[in-house]
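Each remark here refers to the structure printed beneath this line.
2 protein chains.
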Amino acid sequence: MIITISREFSSGGREIGKRLADELGLAYYDGEIITLIAKETGMSEEYIQNISEKGVYPYTYQFAKSFLNSSPVQNSQIQVLVKQNEIIKKIASKGNCVIVGRAANVILKGEDTIDLFIYADMKSKVARCKQKADENENLSEKELEKKIIEVSKNREKFHNVVSNEEWGKKENYDLCINTSGVDIKSIITPLKMYIENWFRRN
Amino acid sequence: MIITISREFSSGGREIGKRLADELGLAYYDGEIITLIAKETGMSEEYIQNISEKGVYPYTYQFAKSFLNSSPVQNSQIQVLVKQNEIIKKIASKGNCVIVGRAANVILKGEDTIDLFIYADMKSKVARCKQKADENENLSEKELEKKIIEVSKNREKFHNVVSNEEWGKKENYDLCINTSGVDIKSIITPLKMYIENWFRRN
């Protein structure tokens, strides 16, 4: 049972992933992947996080791969991308996990996964962002909106480096969940059942 | 509890709607709306069906409405559109129903509904179309594909007359369900629970 979760920033996707992993007894991967990349490349987590969140990949994955085959990897951005690909495939080969973000749905295309996309309207995303107040404490609503748009745009950009498929296009996912005004806790049990049935029948 | 279901042709949306209505004890409206329009306008069901499925509305709903207010309705296409609007609002005012198609999610915008969109890849849609073999018995796979594309295009066209919102755009729905390779029966119980929780919390 492999669940991939793609999500708009502050739409509750991480909470859904974490709760599903708990309920279904699955391994959970999110920031953990960054830690693994750091371990295997010797780069700092901050640097890797920065590359992923700022969406600065200048090359496509195909290009990166051909580059990797012909000469030692010089470019650390490419190295992160290739390593991430390897790590996600390794994680998936063990099965029974939830992978949040990192374009895992694309990297694992063809595997027996269920791919969720979590989204919400701006009002709900700003409200969720406010609840996680620690780091955003001093941001105004306008600034939060700006941040939300920026992070989502970078995720999209990152996704488009790895894939030819459009980020957030419903056809690329098995289930798209609008969390606007929705209490995440209330949807976990039905989602869990949906996923269990899905893997039983498919 | 009002559930609206929009769906690509042959994606299993009607079956989902019917089963949910049975399980939740809700009234079910699909072709029934055509019958009601026929009764109230005196037009034949075939004619009304034809207008809806062929997507020939030449006017927007806003235009139709202003037209209706200023003079007797001459144009039967407009009459169908306006009547459909009235009927769907009347149905919704009684609550506890499933409405399939007819852009009900748009007509009921602002009401406390849960809006589902059902879709699937072409392979699954052709397979479902084949199962309902009676009327399609003599169609080849290519012809089925053509039919599926045509009907979906007309639904989209019809939707766009009633609404400024894009048909099938996930942001306009609460839950988008990809039925590719999915056994409809297996998703009814979790969906039912999802919807029950949704109305309990919202």
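Chains as they are written, first to last, in this note's numbering: chain P, 1171 to 1372; chain A, 1171 to 1372. The C-beta atom is built at its ideal place from N, Cα and C for all residues, glycine as well.
Between which residues of its own chain and residue i is the CB-CB distance below 7 Å, once the five residues before and five after are set aside?
{"i": "E1311 of chain P", "result": "V1296"}
{"i": "S1294 of chain P", "result": "T1349, S1350, G1351"}
{"i": "I1218 of chain A", "result": "I1204, I1207, A1208, V1250"}
{"i": "N1266 of chain A", "result": "M1171, L1196, A1197"}
{"i": "S1333 of chain A", "result": "A1273, V1276"}
{"i": "Y1229 of chain P", "result": "With a pLDDT of 48 at Y1229 of chain P, under the threshold of 50, the predicted position of this residue should be treated as unreliable, though the coordinate-derived value follows. Around Y1229 of chain P: I1248."}
{"i": "N1330 of chain A", "result": "W1337"}
{"i": "D1291 of chain A", "result": "S1350"}
{"i": "N1220 of chain P", "result": "none"}
Can you find the residues in the same chain that come closer than 6 Å, C-beta to C-beta, to residue i, ignoring five residues on each side of it along the sequence?
{"i": "A1274 of chain P", "result": "T1174, I1258"}
{"i": "T1283 of chain A", "result": "I1172, T1174"}
{"i": "L1314 of chain A", "result": "V1296, C1299"}
{"i": "Q1244 of chain P", "result": "With a pLDDT of only 49 at Q1244 of chain P, under 50, the local geometry of the prediction cannot be trusted, and the value read off the model is given with reservation. Within the same chain, Q1244 of chain P has no close Cβ partners at all."}
{"i": "G1201 of chain P", "result": "none"}
{"i": "I1318 of chain P", "result": "F1179, S1180, K1295"}
{"i": "V1321 of chain A", "result": "F1179"}
{"i": "E1366 of chain A", "result": "none"}
Across which residues does DSSP place residue i in a beta bridge pair?
{"i": "S1176 of chain A", "result": "A:F1287"}
{"i": "L1345 of chain A", "result": "P:I1347, A:L1286"}
{"i": "I1269 of chain A", "result": "A:T1174, A:Y1199"}
Can the beta-carbon of residue i be found closer than 8 Å to that of residue j?
{"i": "S1176 of chain P", "j": "G1271 of chain P", "result": "yes"}
{"i": "N1308 of chain A", "j": "I1277 of chain A", "result": "no"}
{"i": "E1193 of chain P", "j": "T1205 of chain P", "result": "no"}
{"i": "L1345 of chain P", "j": "V1268 of chain P", "result": "no"}
{"i": "F1179 of chain P", "j": "R1325 of chain P", "result": "yes"}
{"i": "I1347 of chain A", "j": "I1288 of chain A", "result": "yes"}
{"i": "K1260 of chain A", "j": "E1210 of chain A", "result": "no"}
{"i": "S1263 of chain A", "j": "M1213 of chain A", "result": "no"}
In terms of residue numbering, what span does the alpha helix (DSSP H) encompassing residue i cover?
{"i": "V1296 of chain A", "result": "1292–1301"}
{"i": "V1352 of chain A", "result": "Neither: V1352 of chain A is in no alpha helix (DSSP H) and is coded neither H nor E."}
{"i": "A1197 of chain A", "result": "Note, A1197 of chain A: premise wrong, no alpha helix (DSSP H); beta strand (DSSP E) at 1197–1199."}
{"i": "K1374 of chain P", "result": "The structure shown does not extend to residue 1374 of chain P, since chain P is modelled only from 1171 through 1372, so no value can be given for it."}
{"i": "N1275 of chain P", "result": "1274–1277"}
{"i": "K1188 of chain P", "result": "1183–1194"}
For residue i, I'd like the list of residues in its chain whose CB is within less than 8 Å of its CB, leaving aside the five on either flank, ordered along the chain.
{"i": "I1354 of chain A", "result": "G1182, E1185, I1186, R1189"}
{"i": "Y1364 of chain A", "result": "L1345"}
{"i": "F1369 of chain A", "result": "M1171, D1282, I1284"}
- Item | Cβ contact check for the stretch 1288–1302 of chain A and the stretch 1357–1366 of chain A: 3 or more pairs under 8 Å | The stretch 1288–1302 of chain A makes no contact with the stretch 1357–1366 of chain A, as fewer than three CB pairs between them are under 8 Å.
- Message: Between the stretch 1335–1350 of chain A and the stretch 1334–1341 of chain P, can you find at least three pairs of beta-carbon atoms closer than 8 Å?
- Response: Touching, yes, given that three or more Cβ pairs across the two stretches are closer than 8 Å.
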